[in-house]
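Working notes for the structure below.
Number of protein chains: 2
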Amino acid sequence: MVRMAHNGSNGPNKLKIMDKPQLSESQEDYLKHIFKLREVNETVTTQDLSESLKVRPASVTGMIKKLSSMELIYHRPYKGVVLTELGEKIALEVLRHHRLLELYLVDHLNYTWDEIHDEAERLEHVISEKFEAAISKLMGNPTRDPHGDPIPSVDLEIPEMPDLVSVDRLHAGQEAVIQRVLTQDKDILNMLSRLELTIDANILMVGSDKTGIRLKVGNNQYLIPYSIAKLIWV
Amino acid sequence: MVRMAHNGSNGPNKLKIMDKPQLSESQEDYLKHIFKLREVNETVTTQDLSESLKVRPASVTGMIKKLSSMELIYHRPYKGVVLTELGEKIALEVLRHHRLLELYLVDHLNYTWDEIHDEAERLEHVISEKFEAAISKLMGNPTRDPHGDPIPSVDLEIPEMPDLVSVDRLHAGQEAVIQRVLTQDKDILNMLSRLELTIDANILMVGSDKTGIRLKVGNNQYLIPYSIAKLIWV
DNA sequence: CTTTAAATTTAGTTGAGACTAAAAATAAAT
DNA sequence: ATTTATTTTTAGTCTCAACTAAATTTAAAG
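As they're listed, the protein sequences go chains A and B. Count along the first sequence from 1, add 18, and you get the number used in the working numbering. Count along the second sequence from 1, add 18, and you get the number used in the working numbering.
What follows is the structure, encoded as structure tokens:
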């Protein structure tokens with residue numbers, strides 16, 4: 019079974035990504051992971067990729083060679099990889115698909131917070147430009163997904179994000195609105211959503227001690243361990 | 019890149035297909051094509067599959083062996099193949115995905131008749147049971163797709179179809195409603211939709227000669243060649 | 001029957017993208 | 001400057017699902 023291109027009915031004057039090579043799902047995933055690791059790590063090593071892709075280091079080296087030869091990444095052996103401009107565009111396209119899909123699943127198909135990631139992970143590689151455009155339009159070209167993560171625009175720019183801090187940095191008495199939740203862990207997402215600690219929720223910092231922080235949400239008050247508080251940004 | 023199962027959060031008492039093996043997209047496609055060829059052909063040969071899958075006969079033989087060993091088909095060498103009960107269930111599941119998706123793309127994402135097939139072809143292999151259930155429910159558990167083809171039910175029964183005839187069998191003066199269009203050819207679908215020869219359209223047979231048939235649709239009258247008339251069932 | 005044409009199967013190859021085991025390079029610690 | 005531990009790369013293997021070329025089986029025609 020050979021994967022076919024499906025760029026929709028791109029007219030002659032639709033450039034977007036010129037000479038975009040047809041990539042396998044694996045290759046798209048490598049680029050996406052490199053991009054996301056880079057947001058956090060400064061350098062992206064073979065081992066980083068091995069861990070995040072759950073693939074042996076030797077396999078990563080193999081794929082790095084291929085992506086290098088395709089000029090999608092730069093590789094300094096034993097040092098790490100960086101996306102080329104084209105590589106980054108492709109990574110952003112995959113990310114755009116993923117985040118649009120996550121929002122779509124929540125808004126139109128009644129998915130819950132914890133169900134969207136896996137589904138989007140599979141769909142992101144197979145939807146056409148037409149599909150991407152259709153759901154984006156339907157949702158009014160949104161800029162944030164259900165975790166508060168920015169959705170790259172059609173021309174693959176990342177929308178401005180306001181500066182955020184994790185809730186554990188609030189001081190007692192301070193109010194805030196949840197803007198972003200940095201986890202895909204189903205159990206954590208489920209727990210947070212049961213506590214109504216979801217995007218746009220209003221919270222009040224009550225206080226903190228070594229065990230964690232105390233938050234008031236609506237009429238309820240909760241003790242949140244630091245490990246989880248660090249995932250919630252306001 | 020290894021394909022993962024994604025049967026949704028099947029509780030312990032969801033049986034549906036017991037011990038359903040995890041199939042590759044190729045394998046699912048073979049089963050689907052065997053099913054569809056069988057609806058038309060009486061026997062399904064290596065060559066039939068080679069043509070419809072656009073794969074060399076030798077490759078078909080190879081896959082036939084694998085699917086046989088998995089007990090998804092029976093194979094009488096040099097004769098042809100038949101789906102086992104499990105093989106048929108899987109074929110129907112793929113077909114259900116495909117047809118639900120086609121209808122969904124038309125009803126909710128504004129796709130046109132000619133755009134839905136390719137998109138559904140890719141999506142059918144990756145959507146979860148959850149996704150299938152969600153779109154089915156949203157559309158009121160429909161039984162016909164945009165070509166008029168029956169959509170297998172959740173428990174994989176094919177809904178009853180009324181007996182139909184192709185329009186070329188109508189006699190002059192007879193009125194009818196289009197129920198089904200048996201092609202995926204984009205140009206033909208486009209043409210038919212421009213002529214408003216779409217599902218549920220009312221037509222009047224005016225007459226016929228060796229060049230084709232004359233149909234009245236609304237206020238317009240068209241000459242339709244037999245090759246195309248045979249695709250339209252009422 | 002025997003020949004011939006067509007369909008099918010066998011055998012072996014290829015390319016992706018994983019894997020393991022072993023070799024080599026780097027970085028840190030004496 | 002060596003040794004040691006860690007990371008990375010090399011080399012070779014495996015599986016899947018395609019491929020080609022050659023061999024075999026079946027069916028039709030003389």
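A virtual CB, placed ideally from N, CA and C, is assigned to each residue, including glycine. Treat the numbers as computed from the prediction; the structure is a model and nothing was measured.
Cβ of residue i less than 8 Å from any chain B Cβ?
i: N59 (chain A); result: no
i: A138 (chain A); result: no
i: V144 (chain A); result: yes
i: E133 (chain A); result: yes
i: A109 (chain A); result: no
i: K148 (chain A); result: yes
i: N128 (chain A); result: yes
i: L67 (chain A); result: no
i: K38 (chain A); result: no
i: L249 (chain A); result: no
Is there at least one Cβ from chain A nearer than 8 Å to residue i's Cβ?
i: G29 (chain B); result: Its pLDDT being 42, under 50, G29 (chain B) is placed unreliably in this model, and the value from its coordinates should be taken loosely. For G29 (chain B), the answer is no, since every Cβ of chain A falls outside 8 Å of its Cβ.
i: K234 (chain B); result: no
i: V124 (chain B); result: no
i: A76 (chain B); result: no
i: I153 (chain B); result: yes
i: L141 (chain B); result: yes
i: K32 (chain B); result: Annotation note: pLDDT 45 at K32 (chain B) (below 50); position unreliable, coordinate value reported separately. It does not; no Cβ of chain A falls within 8 Å.
Check the DSSP bridge columns for residue i and list the partner residues they point to.
i: Q4 (chain A); result: The question about residue 4 (chain A) has no answer, for chain A in this structure spans 19 to 252.
i: R162 (chain A); result: A:P168
i: G98 (chain B); result: B:R94
i: S68 (chain A); result: S68 (chain A) is not bridged to any residue.
i: I250 (chain B); result: B:V199
i: S245 (chain B); result: For S245 (chain B), which the question treats as bridged, DSSP gives no partner whatsoever.
i: V62 (chain B); result: B:V99
i: S184 (chain A); result: A:W251
Using a Cβ-Cβ cutoff of less than 6 Å, which residues in the same chain neighbour residue i once the five nearest sequence positions on both sides are dropped?
i: Y129 (chain B); result: L123
i: L110 (chain A); result: P170 and L174
i: I221 (chain B); result: A194, L233 and V235
i: K97 (chain B); result: none
i: V78 (chain A); result: T64, L67 and S68
i: N31 (chain B); result: Bear in mind that a pLDDT of 48 at N31 (chain B), under 50, signals an unreliable position, so the number given afterwards is only what the model happens to contain. So no residue of the chain qualifies.
Hey, quick one: how far does the beta strand (DSSP E) through residue i stretch, first residue to last?
i: I91 (chain B); result: I91 to R94
i: I221 (chain A); result: N220 to D227
What are the boundary residues of the alpha helix (DSSP H) that residue i is part of?
i: A194 (chain A); result: Not the alpha helix (DSSP H): A194 (chain A) falls in the beta strand (DSSP E), residues E193 to V195.
i: P75 (chain A); result: P75 to S87
i: S146 (chain A); result: Unbroken run through S146 (chain A): none, as it is neither H nor E.
i: I134 (chain B); result: I134 to L141
i: K204 (chain A); result: K204 to R212
Excluding the 5 residues preceding and the 5 following residue i in the sequence, name in chain order all residues of the same chain whose CB lies nearer than 7 Å to its CB.
i: V99 (chain A); result: I52, V62, I82, I91, Y92 and H93
i: T102 (chain B); result: E89, L90, I91 and Y92
i: H143 (chain A); result: E43 and E46
i: E106 (chain B); result: F53
i: P75 (chain B); result: T64, Q65 and S68
Report all residues from its chain with a CB closer than 8 Å to the CB of residue i; omit the five preceding and five following residues, and keep chain order.
i: S44 (chain A); result: M81
i: A219 (chain A); result: V195, I196 and V235
i: Q239 (chain B); result: V224, R232 and L233
i: N59 (chain A); result: D66
On the premise that residue j lies in contact with residue i, defined as a C-beta separation below 8 Å, what is that separation, rounded to the nearest angstrom?
i: K38 (chain B); j: I145 (chain B); result: That pair is no contact at about 15 Å.
i: D47 (chain A); j: L71 (chain A); result: 7 Å
i: V16 (chain B); j: V185 (chain B); result: There is simply no residue 16 (chain B) to check, as chain B begins at 19 and stops at 252 in what is shown.
i: I134 (chain A); j: P164 (chain A); result: 6 Å
i: G166 (chain A); j: Q197 (chain A); result: 5 Å
i: I250 (chain B); j: V199 (chain B); result: 6 Å
i: V119 (chain B); j: L104 (chain B); result: As written in the sequence, residue 119 (chain B) is Leu, which differs from the Val given in the question. That pair is no contact at about 23 Å.
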